[in-house]
Amino acid sequence: SAPVTEGTEYSFGYFIPNTKSGAFDLAETDMSQELQNQSNAAKVLYGSNDGITPRVAALAKNITNGIAGEEQKAAAISAWLKKNCTYTLSPPQPWARQDFAEYFLLDSHRGYCQHFATAMVLLLRASGVPARYVEGYAVPSAKASNVENIYEITNAQAHAWVEYYSPKCGFVTADPTPGTSLPKPAALFDTESGAPHVSASSVPARKPSSVPSKPDASPSSSLSASSASHSGGKAENAYGMLFSFLRAAAVAIAIAAAVYFGKVAYRAVWFALLRHGDSRKMVLTLYQYFARVFSKLGFKTPPSGTPNELAAEVRRKIPFSPVSFNRVTEIYCSVRYGGHAVTESERSDFICFYRSLPGTCRRHFGRFRWFEVS
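Quick look at the structure:
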């Protein structure tokens, strides 16, 4: 389909059920097979709980606890959003990987129409009501002319709202954003009368900004308010993004520090237990640790290679002192293959090499590389 160009005129009709009317409450509850199929399809297409976090699901349960009908649940959720959340064009941003809707509902409580509509869709689905997110244009409260039911629609009315599924009458419109002006059943329509006729002059669409219309505001004044709000909110949004970045960086540093010091503490306890245990076990265990570290650092020997071949490879690239890896390998081979009893001097050499290994490797490969392989 081609985009609607400026100056194009078109008309459409729509049905707005009045969920507060007595006729609606007395609607037939025994659905035909066709309606049952439509209801099942709506649940499959728009009733998924994918992407709903446990905290959002718990909030939905709390809001709709004891409420049975789809219309009543939608009304309760919309009322909760309007009471507990504030409209703003410059909301704070969630930090890295934090769920967008969860942050809006449970932390910031500040956002524009896309926040409110997304949140209501998730809360409805978590409450067992199929719902979908809709973007379009809200009918302004001020008429463009004296002709009845004629309105001028511009980009100032770009908006997002919700449609939830009712087995009684299909999809029903709901708008949880405070201060917006979607057509209200009580004001524009009754289920027993005809649908209103709306004519719209359209301009190329942009991303909805959801500027809430004041009761007596004209489209031009709404657009001016939108521009001013956007300009005034840039600094606040920048500070919010900076704060989110700094908070994420602080969390990352704290996690890295916890991992590092946890690793250091574990290695210290491990070495203390070896040092105060059997000397033969200490020699065999420490050598396996040395060989594993050198393998991670790129010192490779063939599968049939010997400890002496590894020692020669290490000697060519890294000079260890005061105890060389050749000396460590010699002690290991005599203990491992010759049944040699470890002397106190050999024990001291192994301990000395273990203590010199971190500093020597950090100088040759860098601190991060050593932290990665140790």
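According to the working numbering, the sequence shown is numbered sequentially starting from 411. Backbone N, C-alpha and C fix where the C-beta goes; we use that ideal spot for every residue, glycine too. Owing to the predicted nature of the structure, the values given are computational and were not obtained by experimental measurement.
- Counting along the chain, the unbroken beta strand (DSSP E) around Phe581 starts and ends at Gly580 to Ala584.
- Note that the stretch 488-505 touches the stretch 518-525; at least 3 beta-carbon pairs, one per stretch, sit closer than 8 Å.
- In this structure, DSSP gives Ala548 a state outside helix and strand, which the three-state scheme calls coil.
- Ala570: member of the beta strand (DSSP E) spanning Ala568 to Ser576, first to last residue.
- For Gly580 and Gln446, the gap between their C-alpha atoms comes out near 11 Å.
- For the 7 Å CB-CB criterion, Tyr561 and Val539 do not form a contact.
- Beta-bridge annotation (DSSP): Ala541 is paired with Tyr574.
- Contact annotation: Ala570 and Gln524 have beta-carbon atoms nearer than 7 Å.
- C-alpha of Leu767 to C-alpha of Ser734: approximately 10 Å in a straight line.
- With respect to the 7 Å criterion, Trp780 and Arg772 are classified as neighbours on the basis of their beta carbons.
- Assigned with DSSP and collapsed to three states, Tyr764 falls in helix.
- As computed with DSSP, Tyr497 is found in a beta bridge with Gly521.
- Closest in alpha carbon position to Ala666, among Phe653, Leu684, Leu534 and Phe778, is Phe778.
- Only residues of its own chain outside the window of five on either side were considered, and among them Phe781 have a CB closer than 8 Å to the CB of Tyr670, listed in chain order.
- Contact between the stretch 718-734 and the stretch 671-680 is absent: fewer than 3 CB-CB pairs across the two stretches fall below 8 Å.
- Going by C-alpha positions, Thr463 is about 12 Å away from Lys471.
- Measuring C-alpha to C-alpha distances from Gly479 to each of Arg657, Leu532 and Ser537 identifies Ser537 as the nearest.
- Contact annotation, Ile477 with Ala486: C-beta distance approximately 6 Å; criterion of less than 8 Å satisfied.
- Per the C-alpha coordinates, the member of Ile563, Ala541, Ser576 and Ser449 positioned closest to Val549 is Ile563.
- In the structure shown, the three-state DSSP call for Asp460 is coil.
- Within the same chain, and ignoring the five residues on either side of Tyr742 in sequence, the residues whose Cβ sits closer than 8 Å to its Cβ are Val693, Leu694, Tyr697 and Pro717.
- Just so you know, the alpha carbons of Glu754 and Lys710 end up roughly 31 Å apart.
- If the five residues before and after Ala529 are omitted, its C-beta is found closer than 7 Å to the C-beta atoms of Leu491, Ala511, Phe514 and Leu515, all from its own chain and listed in chain order.
- Within the same chain, Cβ atoms closer than 8 Å to the Cβ of Phe681 are found at Tyr764, the five residues on either side in sequence being excluded.
- For Lys706, the enclosing alpha helix (DSSP H) stretches over residues Ser689 to Lys706.
- For Leu532 and Pro588, the gap between their C-alpha atoms comes out near 18 Å.
- Here Ser576 is buried, its C-beta having at least 16 other C-beta atoms within 10 Å.
- With respect to the C-alpha of Gln508, the residue from Tyr699, Arg737 and Arg657 having the closest C-alpha is Arg657.
- In the structure shown, Thr753 adopts coil according to DSSP, grouped into three states.
- Asp460 and Asp759 have their C-alpha atoms roughly 60 Å apart.
- The three-state reading of DSSP puts Val733 in coil, since its state is none of H, G, I, E or B.
- Asn450 sits exposed, since fewer than 16 C-beta atoms from the chains shown fall within 10 Å of its C-beta.
- Of Ala527, Trp505 and Gly748, the smallest CA-CA separation from Phe653 is found for Trp505.
- For the pair Gln567 and Tyr547, the Cα-to-Cα distance works out to about 5 Å.
- For Glu416, no alpha helix (DSSP H) segment is defined, and its DSSP state is neither H nor E.
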